[in-house]
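Colleague: Residue numbers (the working numbering), protein chains in the order written: chain R, 1 to 248; chain G, 1 to 248.
The beta-carbon is built from N, C-alpha and C at its ideal position, and this holds for glycine as well.
All of these numbers come straight from a predicted model, not from anything done at the bench.
Just dropping this structure here.
Number of protein chains: 2
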Amino acid sequence: MSESADHTTKRAVVLLSGGLDSVTALAVAQRDGYECHALSFDYGQRHKVELAAAQEIADAMGVASHRTAKIDLRAFGGSALTDDTLDVPKDRDDDAMSHDIPVTYVPARNTIFLSYALALAEVLESTDLFIGVNAVDYSGYPDCRPEFIASFERTANLATKAGVTADDDHHLKVHTPLIDLPKTDIIRLGLELGVDYSLTHSCYDPLGPDHIKPCGHCDACLLRIRAFEELGQHDPAMLRHHGEAWKP
Amino acid sequence: MSESADHTTKRAVVLLSGGLDSVTALAVAQRDGYECHALSFDYGQRHKVELAAAQEIADAMGVASHRTAKIDLRAFGGSALTDDTLDVPKDRDDDAMSHDIPVTYVPARNTIFLSYALALAEVLESTDLFIGVNAVDYSGYPDCRPEFIASFERTANLATKAGVTADDDHHLKVHTPLIDLPKTDIIRLGLELGVDYSLTHSCYDPLGPDHIKPCGHCDACLLRIRAFEELGQHDPAMLRHHGEAWKP
């Protein structure tokens with residue numbers, strides 16, 4: 001099996017949502033020489049376009065493996081992203097975005113996602129996890145804050161065989177290469193590394209019969225449209241789906 | 001919906017495997033006045049008898065709700081409990097049991113299980129999780145150790161909305177009522193609380209066409225058979241499945 005332990009390459013498990021941040025984190029992990037094993041989650045998202053984007057990105061970037069784990073948070077309720085009865089907010093200003101915990105919050109999401117990544121890392125004999133959390137997220141999502149990540153890393157090292165026999169080579173590390181970066185710097189970094197952002201999907205409420213077109217008005221769309229604008233560009237995903245004549 | 005928030009009762013999420021320990025933890029939570037919401041996991045166990053036992057126990061003990069979350073660790077490989085290609089060890093002595101990390105270890109299992117419990121607690125507006133980890137487990141499973149649980153609790157409080165607005169009433173607590181107890185004391189406690197241990201299932205390799213009968217020889221069977229013996233009793237699950245004439 002091509003995934004058996006080979007200690008001549010260093011392996012990383014990279015959480016890949018199909019969004020702009022996680023693909024940039026993947027590009028950083030590849031730049032840093034890791035053999036990357038991508039992990040996505042089917043957690044009852046309303047729209048599967050996010051998972052299709054993750055697959056397209058994984059293929060385009062030539063990851064060593066890509067798994068999609070199915071988890072059923074939907075049975076627990078409690079979020080606009082998985083609960084059809086709640087509305088996705090539209091055209092909110094920066095202040096509302098940065099001070100509220102978003103209605104799109106999924107309970108314990110990153111704790112669950114990182115736990116799965118930890119399990120996969122243990123099986124693959126990897127001690128490196130990558131997650132694309134960043135400054136924009138952690139204004140609203142408690143489980144994107146640096147202190148959460150640091151605490152999870154401590155917990156992970158106590159949880160595993162690797163942690164029990166911990167030495168410098170086996171200490172599990174949660175890499176957050178984007179943690180201090182605003183969205184524009186994330187995009188700038190990704191562009192330098194050759195990321196094709198037209199493949200990424202961030203929209204909470206995609207349009208069209210197949211729910212593939214980004215709406216351009218939810219928090220996730222607005223954040224990236226404005227960030228590309230600051231770099232003097234148009235969001236390549238908007239151009240791809242709405243035509244090259246699209247303007248913000 | 002009967003599960004909407006009612007702040008006159010205190011709610012707990014109780015991890016319920018169908019084994020001897022988790023049912024005792026459930027009995028303790030009920031004794032302490034919690035409205036108990038049980039959570040079990042279908043994680044690709046070889047045998048579904050464990051989940052049937054959890055359901056039977058949940059019904060018998062009158063929990064407020066019982067959910068079984070399906071998680072697909074099987075895709076990751078790496079454990080005898082989910083990987084058909086590995087053998088369950090039989091008739092091991094205490095020394096081998098207590099010094100090895102068991103082949104039946106599931107990667108990151110309690111991290112994942114507690115993460116789901118955290119998600120459910122958040123949705124139910126509960127701040128109390130119960131898990132039946134104990135002194136027998138933590139000799140072999142790193143994610144049963146008190147320092148792991150304490151670290152997870154810290155992580156959980158950083159992960160959630162409850163943690164962000166933490167005050168004494170909203171601080172999330174992971175209760176481990178069995179953490180210092182050897183198996184005999186766990187059983188003695190459960191018997192005092194009226195637990196029917198004949199309903200519980202612990203065996204790693206159950207016998208019979210339906211794989212329901214405990215084998216009596218795997219680590220899990222031996223531990224409980226010996227503990228009941230120390231209390232001058234025969235394991236009621238062995239008696240139930242092998243007849244009242246069964247002897248160790």
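1. In three-state DSSP terms, what is R/Arg-92?
2. Does any C-beta atom of chain A lie closer than 8 Å to the C-beta of R/Ile-179?
3. Less than 8 Å between the CB atoms is what I'm expecting for R/Leu-39 and R/Arg-67, so what's the real figure, rounded?
4. Would you mind sorting G/Pro-275 into buried or exposed? The rule is 16 or more other CB atoms within 10 Å of its CB.
5. Along the chain, where does the alpha helix (DSSP H) that runs through G/Thr-111 open and close?
6. Taking C-beta pairs closer than 7 Å, name the residues in chain G that R/Thr-176 reaches, listed in chain order.
7. In angstroms, rounded to a whole number, what distance separates the CA positions of G/Phe-130 and G/Ala-29?
8. For R/Pro-216, count the other beta carbons within 10 Å of its own beta carbon; 16 or more makes it buried, fewer makes it exposed. Which is it?
9. Nearest by alpha-carbon distance to R/Tyr-197: which of R/Arg-188, R/Leu-172 and R/Pro-182 is it?
10. Is the number of C-beta pairs between the segment 152-160 of chain R and the segment 46-62 of chain R that are closer than 8 Å three or more?
11. Should G/Gly-232 go down as buried or exposed, given a rule of 16 or more other Cβ atoms within 10 Å for buried?
12. So is R/Arg-11 in contact with chain G if we call contact Cβ pairs under 8 Å?
13. Can you check DSSP and say which residues form a bridge with R/Arg-11?
14. Cβ of R/Pro-236 within 7 Å of any heavy atom in the ligand MG?
15. G/Ser-17 by DSSP, collapsed to three states: which one?
16. Taking only three categories from DSSP, how would you classify R/Lys-183?
17. As a quick exercise: from G/Val-133, G/Tyr-204 and G/Ala-150, pick the residue whose alpha carbon is nearest that of G/Asp-180.
18. On the DSSP bridge assignment, give the partners of G/Ile-57 in chain order.
19. Just checking my contact of R/Ala-119 with R/Leu-172 at CB under 8 Å: how many whole Å lie between their CB atoms?
20. Applying a beta-carbon distance threshold of less than 8 Å, which residues of chain G neighbour R/Tyr-43?
21. Of the choices R/Lys-213, R/Pro-248 and R/Thr-176, whose alpha-carbon is the least far from that of R/Val-23?
22. Using a 10 Å radius around the Cβ and a threshold of 16 neighbouring Cβ atoms, would you call G/Gly-208 buried or exposed?
23. From R/Arg-109 to R/Tyr-204, what does the alpha carbon distance come to, in whole angstroms?
24. Where DSSP assigns a beta bridge to G/Phe-130, which residues make up the other side?
25. Count the other CB atoms, across all protein chains shown, that sit within 10 Å of the CB of R/Pro-248; report buried if there are 16 or more and exposed otherwise.
Modeller: So, from the listed chains and residues:
1. The DSSP-derived three-state label of R/Arg-92 is coil.
2. Absent from the structure: chain A. Protein chains present are R and G.
3. Going by Cβ atoms, the distance from R/Leu-39 to R/Arg-67 rounds to 5 Å, so yes, they are a contact pair.
4. Any property of residue 275 of chain G remains undetermined from this structure, which presents chain G solely from 1 to 248.
5. G/Thr-111: member of the alpha helix (DSSP H) spanning 109-124, first to last residue.
6. What R/Thr-176 touches in chain G: nothing, since even the nearest Cβ is about 14 Å away.
7. Straight-line Cα distance between these residues: approximately 7 Å.
8. Just to set this straight, residue 216 of chain R is Gly in the shown sequence, not Pro. With 16 or more other Cβ atoms within 10 Å, it is buried.
9. For the residues R/Arg-188, R/Leu-172 and R/Pro-182, the minimum Cα distance to R/Tyr-197 belongs to R/Arg-188.
10. No contact exists between the segment 152-160 of chain R and the segment 46-62 of chain R.
11. By the 10 Å Cβ count, G/Gly-232 comes out exposed.
12. Output row for R/Arg-11: interface = no.
13. Note: R/Arg-11 sits in a beta bridge opposite R/Glu-35.
14. The ligand MG is not part of the structure shown, which contains no ligands of any sort.
15. In the structure shown, G/Ser-17 sits in coil (DSSP, three-state: anything other than H, G, I, E or B).
16. Reduced to three states, the DSSP call for R/Lys-183 is helix.
17. For G/Asp-180, the closest C-alpha among the options G/Val-133, G/Tyr-204 and G/Ala-150 is that of G/Val-133.
18. Its beta-bridge partners do not exist; DSSP assigns none.
19. In fact, because the Cβ distance is near 12 Å, the residues do not count as touching under 8 Å.
20. Listed along chain G is no residue with a C-beta nearer than 8 Å to that of R/Tyr-43; the closest approach is about 10 Å.
21. Of the candidates R/Lys-213, R/Pro-248 and R/Thr-176, the one whose C-alpha sits nearest the C-alpha of R/Val-23 is R/Thr-176.
22. Its Cβ having fewer than 16 others within 10 Å, G/Gly-208 is exposed.
23. Our two residues, R/Arg-109 and R/Tyr-204, have alpha carbons roughly 16 Å apart in a direct line.
24. Looking at the DSSP output, G/Phe-130 shares a beta bridge with G/Val-14 and G/His-175.
25. Residue environment: R/Pro-248 is assigned as exposed (fewer than 16 neighbouring CB atoms within 10 Å of its CB, all protein chains considered).
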